[in-house]
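J.: The opening residue of the sequence shown carries number 66 in our numbering; numbering runs sequentially from there. Beta carbons are placed, not taken as given, at the ideal position from N, Cα and C, and that holds for glycine. Keep in mind it's a predicted model, so treat the numbers as computed, not measured.
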Amino acid sequence: MRNHRGFTLIELIATIAILAILAGVSIPLARNSIKREREKELHQALREMRTAIDKYKEASDLGRIEVPTDTEGYPQTLDQLVDGVQLIGQAGKNIKFLRKIPIDPMTNSTDWGMRSYQDEAAAQSWGGQNVFDVYTKSDGVAFDGTRYRDW
Numbered sequence: 066m067r068n069h070r071g072f073t074l075i076e077l078i079a080t081i082a083i084l085a086i087l088a089g090v091s092i093p094l095a096r097n098s099i100k101r102e103r104e105k106e107l108h109q110a111l112r113e114m115r116t117a118i119d120k121y122k123e124a125s126d127l128g129r130i131e132v133p134t135d136t137e138g139y140p141q142t143l144d145q146l147v148d149g150v151q152l153i154g155q156a157g158k159n160i161k162f163l164r165k166i167p168i169d170p171m172t173n174s175t176d177w178g179m180r181s182y183q184d185e186a187a188a189q190s191w192g193g194q195n196v197f198d199v200y201t202k203s204d205g206v207a208f209d210g211t212r213y214r215d216w
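1) Which residues in the same chain have their Cβ closer than 8 Å to the Cβ of ARG217, if we skip the five residues on either side of it in sequence?
2) Closer than 8 Å is the cut-off here; do at least three beta carbon pairs connect the stretch 90 to 107 with the stretch 120 to 137?
3) Mind pulling the alpha helix (DSSP H) runs of 4 or more residues that sit fully within the stretch 140 to 201?
4) Rounded to whole angstroms, how far is the Cβ of VAL199 from the Cβ of MET179, which I believe are closer than 8 Å?
5) For LEU74 and VAL90, I'd like the C-alpha separation in whole angstroms.
6) Measure the alpha-carbon distance for GLY138 versus ASP209 and round it to whole angstroms.
7) Just mark PHE72 as buried or exposed, buried being the case when its beta carbon has 16 or more other beta carbons within 10 Å.
8) Okay, do the stretch 106 to 119 and the stretch 156 to 176 touch, 3+ Cβ pairs below 8 Å being the bar?
9) Please identify the residue among ASP144, ALA188 and GLN155 whose C-alpha is closest to the C-alpha of GLU131.
10) Take the Cβ of ASN244 as the centre, count every other Cβ of all protein chains shown within 10 Å, and call the residue buried at 16 or more, exposed below.
11) Below 9 Å between beta carbons: does that hold for THR142 and THR172?
12) Can ASP184 and PHE197 be called in contact, C-beta distance under 9 Å?
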């Protein structure tokens with residue numbers, strides 16, 4: 066008998082079946098890891114902006130910056146945190162609270178939902194007086210079952 070080299074049809078089918086099963090398992094895992102990374106980025110962006118809003122409020126309460134009376138000491142827009150505001154008693158000196166407005170990883174834009182101090186806590190529309198809080202405009206649901214816009 067001659068010694069034939071190569072694979073039999075059954076060996077090839079078994080190999081392809083195993084590879085298909087492995088590929089089928091790895092695709093959902095990759096999707097989940099991407100979603101987890103976006104959730105982490107969203108947490109970081111929200112924390113960064115909320116910290117900047119708090120620092121602005123602290124500076125206004127300490128009298129370091131001049132603020133309009135109807136804003137309750139909060140910034141009027143997110144751009145004001147990036148552009149900076151004039152320090153009282155120091156001509157030409159501005160204080161900036163953010164380098165740039167972070168990109169929302171869920172909507173891939175810098176268009177964040179905002180609430181003013183005068184708005185209800187669960188309001189989905191911005192009153193426009195000031196920026197008291199920010200949230201994502203995404204309707205997605207996180208792994209823990211909460212909606213991203215409620216974070």
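T.: The answer reads as follows:
1) Only positions 66 to 216 of the chain appear in this structure, which leaves residue 217 out of reach.
2) The stretch 90 to 107, when compared against the stretch 120 to 137, does not touch it at the 8 Å Cβ threshold.
3) Whole alpha helix (DSSP H) segments, 4+ residues: 143 to 148.
4) Within the sequence shown, numbered from 1, the residue matching residue 199 stands at position 134. Within the sequence shown, numbered from 1, the residue matching residue 179 stands at position 114. Indeed they touch by this definition, with Cβ atoms about 6 Å apart.
5) Indexing the sequence shown from 1 puts residue 74 at position 9. Indexing the sequence shown from 1 puts residue 90 at position 25. Straight-line measurement puts the Cα of VAL90 at about 25 Å from the Cα of LEU74.
6) Residue 138 sits at position 73 when you count from the first residue of the sequence shown. Residue 209 sits at position 144 when you count from the first residue of the sequence shown. Distance between the alpha carbons of GLY138 and ASP209 is about 34 Å.
7) To locate residue 72, count along the sequence shown from 1; it is residue 7. It counts as exposed.
8) Yes, they touch.
9) Locating residue 131 in the sequence shown gives position 66, where the first residue counts as 1. It is GLN155.
10) An answer regarding residue 244 cannot be provided, because it is not within the stretch 66 to 216 covered by the chain.
11) Locating residue 142 in the sequence shown gives position 77, where the first residue counts as 1. Locating residue 172 in the sequence shown gives position 107, where the first residue counts as 1. Contact: no.
12) As a first step, residue 184 is located in the sequence shown; it is residue number 119 there, counting from the start. As a first step, residue 197 is located in the sequence shown; it is residue number 132 there, counting from the start. Result yes, Cβ atoms of ASP184 and PHE197 sit closer than 9 Å.
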